[in-house]
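> This note's numbering numbers the first residue of the sequence shown as 2 and each following residue consecutively. Cβ atoms here follow ideal geometry from the backbone N, Cα and C, with glycine treated the same way.
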Amino acid sequence: MQIEFKKVPFSKKDFQISYNLVNFEGTFCKIPQELVKVEANISGKLDIICSRCGKDIDLAIDEPIELLICDGIYSPKEDDIDLDVVEVLSGSIDFNEILNSELESIRSDYHICDECLKDNQILEKEF
Ligand SMILES: [Zn+2]
Numbered sequence: 002m003q004i005e006f007k008k009v010p011f012s013k014k015d016f017q018i019s020y021n022l023v024n025f026e027g028t029f030c031k032i033p034q035e036l037v038k039v040e041a042n043i044s045g046k047l048d049i050i051c052s053r054c055g056k057d058i059d060l061a062i063d064e065p066i067e068l069l070i071c072d073g074i075y076s077p078k079e080d081d082i083d084l085d086v087v088e089v090l091s092g093s094i095d096f097n098e099i100l101n102s103e104l105e106s107i108r109s110d111y112h113i114c115d116e117c118l119k120d121n122q123i124l125e126k127e128f
């Protein structure tokens with residue numbers, strides 16, 4: 002799902018996309034300084050692999066996402082904004098791309114499977 006930057010309204014607009022078993026839904030709207038604010042939630046199941054043994058894990062996710070999208074290179078004018086800013090150079094916002102990069106960052110976190118978790122607990126007891 003893509004929307005042209007120019008066409009983003011100032012009033013909150015709903016969006017919803019899904020990718021495999023993941024659902025990405027929320028609202029987006031234009032805010033001052035030519036930014037677009039996205040408030041959404043990513044939920045569902047993500048296939049990842051255990052960082053320790055490489056086994057497949059079905060990770061249940063339920064992550065609130067709040068970010069700003071900037072048309073072009075972002076140069077902060079006001080006080081620091083403590084939200085992630087995504088720079089868009091194509092003139093349109095691609096929600097699938099946003100979802101993909103959020104999923105990538107979840108994937109790159111450290112996740113271990115239940116078995117390794119048990120192993121870890123056993124090891125911790127032994128020491
Ligand atoms: Zn494991």
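Alpha carbon to alpha carbon, how far is D15 from L36? Give it in angstroms, no decimals.
C-alpha separation (whole angstroms): 17 Å.
> Based on DSSP bridge pairs, tell me the residues matched to G27.
Paired residues: F16 and A41.
> Just reading off the beta strand (DSSP E) that I4 is part of, what are its end residues?
From DSSP, the beta strand (DSSP E) with I4 extends over Q3 to E5.
> Between L69 and the rest of its own chain, which residues show a CB-CB distance below 6 Å, the 5 nearest in sequence each way excluded?
Contacts found: L36, K38, L84 and V86.
> Less than 6 Å between the CB of R108 and some heavy atom of ligand 1, yes or no?
R108: no, Cβ never under 6 Å from ligand 1.
> Quick check: the Cα distance between S93 and K8, rounded to an integer number of angstroms?
About 9 Å.
> Can you pull the DSSP bridge partners for K46?
Note: K46 sits in a beta bridge opposite A61.
> Please classify E64 as buried or exposed, where buried requires at least 16 other C-beta atoms within 10 Å of its C-beta.
The residue in question, E64, is exposed, as its Cβ has fewer than 16 Cβ neighbours within 10 Å.
> Considering only the beta carbon of each residue, do I43 and E103 sit closer than 7 Å?
Against a cut-off of 7 Å, the Cβ pair of E103 and I43 comes out as a contact.
> Taking any heavy atom of ligand 2 as the mark, which residues have a C-beta closer than 6 Å to it, listed down the chain?
This structure does not include ligand 2; its bound ligands are ligand 1.
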